[in-house]
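Okay, so here's the structure we're looking at.
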Amino acid sequence: QVQLVESGGGLVQAGGSLRLSCAASGIIVSINAMGWYRQAPGKQRELVAVITSGGNTNYADSVKGRFTISRHNAKNTVYLQMNSLKPEDTAVYYCNTIGAWKSWGQGTQVTVSS
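Residues in the sequence shown are numbered from 70 upward in steps of one, following our numbering.
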């Protein structure tokens, strides 16, 4: 059974930073394309960052240059370093595979105040 547990969210002022973690079990993150998604109130869930099995990364235009996705293979964990945060980054953040989604975790709330 796949379990994805997100953590690291919180309340931060605009311009601040947070690092999110996604601890995975039942799936090996290093051989799967993994992504960070976010869902703001009243909006659809959107994909913001991807890391492929080969380690290539891609980002949504809205976060490019500010967010960095990475993974620690031995810890089977995916990270999202978020810098220069903006109020529009406020959302619940989730990790999951790309394409054939596994069961969603509870997510981690990120709130950016202006």
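Even glycine gets a Cβ: it sits at the ideal position worked out from N, Cα and C.
Nearest CA to the CA of VAL119: which residue from MET103, LYS144, ASP130 and PRO110?
The sequence position of residue 119 within the sequence shown is 50, counting from 1. Nearest of MET103, LYS144, ASP130 and PRO110 to VAL119, Cα basis: MET103.
Proximity to VAL132 [Cα-Cα], best of SER183, LYS155, SER94 and ASN101:
To locate residue 132, count along the sequence shown from 1; it is residue 63. VAL132 has its Cα closest to that of LYS155, out of SER183, LYS155, SER94 and ASN101.
Quick one, are the C-beta atoms of VAL71 and SER183 less than 8 Å apart?
Translated into the one-based positions of the sequence shown, residue 71 becomes position 2. Translated into the one-based positions of the sequence shown, residue 183 becomes position 114. The answer is no: Cβ separation not under 8 Å.
Does DSSP put SER122 in a helix, in a strand, or in coil?
Walking along the sequence shown from the start, residue 122 turns up at place 53. DSSP places SER122 in coil when its eight states are reduced to three.
I need the boundaries of the beta strand (DSSP E) containing GLN108, first residue and last residue.
Residue 108 sits at position 39 when you count from the first residue of the sequence shown. Start and end: 103-108.
Less than 8 Å between the beta carbons of ALA129 and VAL117, yes or no?
Numbered from 1 along the sequence shown, position 60 holds the residue referred to as residue 129. Numbered from 1 along the sequence shown, position 48 holds the residue referred to as residue 117. In contact: ALA129 and VAL117 (Cβ atoms closer than 8 Å).
Since GLY78 and VAL147 are thought to touch, with beta carbons under 8 Å apart, how far apart are those beta carbons, to the nearest angstrom?
Working through the sequence shown from its first residue, we reach residue 78 at position 9. Working through the sequence shown from its first residue, we reach residue 147 at position 78. No, GLY78 and VAL147 are not in contact; Cβ-Cβ is about 14 Å, not under 8 Å.
ILE138 in three-state terms, based on DSSP
For the purposes of this step, residue 138 is taken as the residue at position 69 of the sequence shown. The answer is strand: DSSP assigns ILE138 an E or B state.
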